[in-house]
Structures are given as C-alpha cells and as structure tokens.
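Visitor: All the letters of the sequence shown, read from the start, carry residue numbers 15 to 192 under the numbering used here.
Can you keep this structure in mind? I'll have questions shortly.
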Amino acid sequence: MLGKSILEFKVGDFRRMNMPGSMRVARWSIFSALSVVGSFIPFPSPVGTIAFDSFPGYLAALYFGVLDGAVICAIGHLATAIIHGFPLGIWHLLIALGMAAVGAAVGLTNKTIGMSWGYIPAIVVGIAVNTALFPLAMPVMGWLGAFLLIPFLAAASTFNGVLAALVFVAIRRRKILK
15 MLGKSILEFK VGDFRRMNMP GSMRVARWSI FSALSVVGSF IPFPSPVGTI
65 AFDSFPGYLA ALYFGVLDGA VICAIGHLAT AIIHGFPLGI WHLLIALGMA
115 AVGAAVGLTN KTIGMSWGYI PAIVVGIAVN TALFPLAMPV MGWLGAFLLI
165 PFLAAASTFN GVLAALVFVA IRRRKILK
C-alpha cells in the first residue's frame, strides 16, 4: 500500500505543497526590501534608528497576518540599526524582538477584530506597543534619555501606522494582493 501511494504522488502536488512557503519567503523578501528603503528615511530624533522602517511590517501584519508582520518588523529594525551603525549596541537585538512583538500585536488585533474597520484598533495597538519599547534604550541613554525618546517614538510610529493603514485600505479596495 505504501508503494502505491508513493507512485500516485504527482510532481504537481509536490509543487503545490511548497508554494505557500515559497510565497511567504517572497513576501518577506519584498517587504524586507521595503523596510530597508524606509530605513534610509530617518525620523528626526536623538537616536538615528527611528525611521520609516516599520511601515512595511505594519502593512504585512494587516494584510498577511501575525507571523509576516513580526518577521518584517524585526528585519526592518535590524536593517535600520545596521545602516545607522548600531547606536544602542547589542540592545538592538532586544529592540528587534520588541518590534517583532509590535508586528505580531498589529496582526493579532486585526485578525481578532476581523471587521472591515479592524485595522484602526490594530494600528493603535501597534503604536502603543512600539512606544512602550522606550525602556530598552535606558541602559544606553539613561532614564531621562529614554523618557525624552517617547514623543519621537510615538510620532514616528504614528506616521508609519497611518501610512500602512492608508495603503492597506487602498490595496484592499482595489483587491491588488491575494
């Protein structure tokens, strides 16, 4: 019986089974490249790693879900840290994990609410979680420096989130992506 089922297995079935994985890697590559482009657009702040790198992560979380958003947000932050010379040192790895949590929170909130307007609270949650990452800068900048970082984090995250929401609505309305 086992031999018969192996013989009946078609090459086309094997390709179809691997398609979702390869599609996900392709999406991660494209959205990571967009994050790298966004990392070259820094937001004026005391730390050079606040940039427009999380917009693709927010968008991926809204459109494709939790895992895609988490991976893209983490890769986007690491790309920004590399481009700007790791100003916070090894702490950027923890910040990347925090950014993965931001992407996951946006995707999870959007999926949980599931309504046509679910992206709005999802972006608000993403902005809140992103802004709450300010204590990760404390070992390098001290408490005062970390607290002074809050308005910059909130403003940059708001711009990233609003841009992602606008693009998400436009893509969803025109049904560009599947």
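Glycine is no exception: its CB is placed at the ideal position from the N, C-alpha and C atoms.
By how many angstroms is the C-alpha of phenylalanine 57 removed from the C-alpha of tyrosine 77?
Guide: Computed Cα separation, rounded: 25 Å.
Visitor: Are the CB atoms of glycine 224 and glycine 140 nearer to each other than 7 Å?
Guide: Past the edges of the chain, shown from 15 to 192, lies residue 224, and the structure says nothing about it.
Visitor: Counting Cβ pairs closer than 8 Å, one from the segment 144 to 162 and one from the segment 177 to 185, do we hit at least three?
Guide: Contact between the segment 144 to 162 and the segment 177 to 185 is absent, because fewer than three Cβ pairs lie under 8 Å.
Visitor: Which word fits valine 120, buried or exposed, when buried means at least 16 other C-beta atoms lie within 10 angstroms of its C-beta?
Guide: Answer is buried; the Cβ neighbour count reaches 16.
Visitor: Could you check what DSSP says for aspartate 27 in three-state terms: helix, strand or coil?
Guide: Reliability fails at aspartate 27, whose pLDDT of 43 lies under 50, so the model's placement of it is uncertain and the value that follows must be treated cautiously. Here aspartate 27 sits in helix by DSSP.
Visitor: Contact check, alanine 160 vs phenylalanine 173 under 8 Å by CB: the rounded distance?
Guide: So it is not a contact: roughly 21 Å between Cβ atoms.
Visitor: With H, G and I counted as helix, E and B as strand and the rest as coil, what does DSSP make of proline 56?
Guide: The answer is strand: DSSP assigns proline 56 an E or B state.
Visitor: Taking the alpha carbon of serine 53 as the point to measure from, which residue in Ser43, Ser46, Thr94 has its own alpha carbon closest?
Guide: Answer by Cα proximity: Thr94.
Visitor: Return helix, strand or coil for leucine 16, following the three-state DSSP convention.
Guide: Because the pLDDT at leucine 16 is just 47, under 50, the model does not fix this residue reliably, and the point stays unresolved.
Visitor: Can you grab the Cα-Cα spacing for the pair alanine 110 / serine 36, in whole Å?
Guide: Answer to the nearest angstrom: the Cα atoms are 24 Å apart.
Visitor: Apply the 10 Å Cβ neighbour rule to valine 116 and answer buried if 16 or more other Cβ atoms are within range, or exposed otherwise.
Guide: Looking at its Cβ environment, which holds 16 or more other Cβ atoms inside 10 Å, valine 116 is buried.
Visitor: Spatial neighbours of proline 101 within its chain, please: C-beta separation below 7 Å, excluding the five flanking residues on both sides.
Guide: The answer, listed in chain order, is Val61, Gly62, Thr63.
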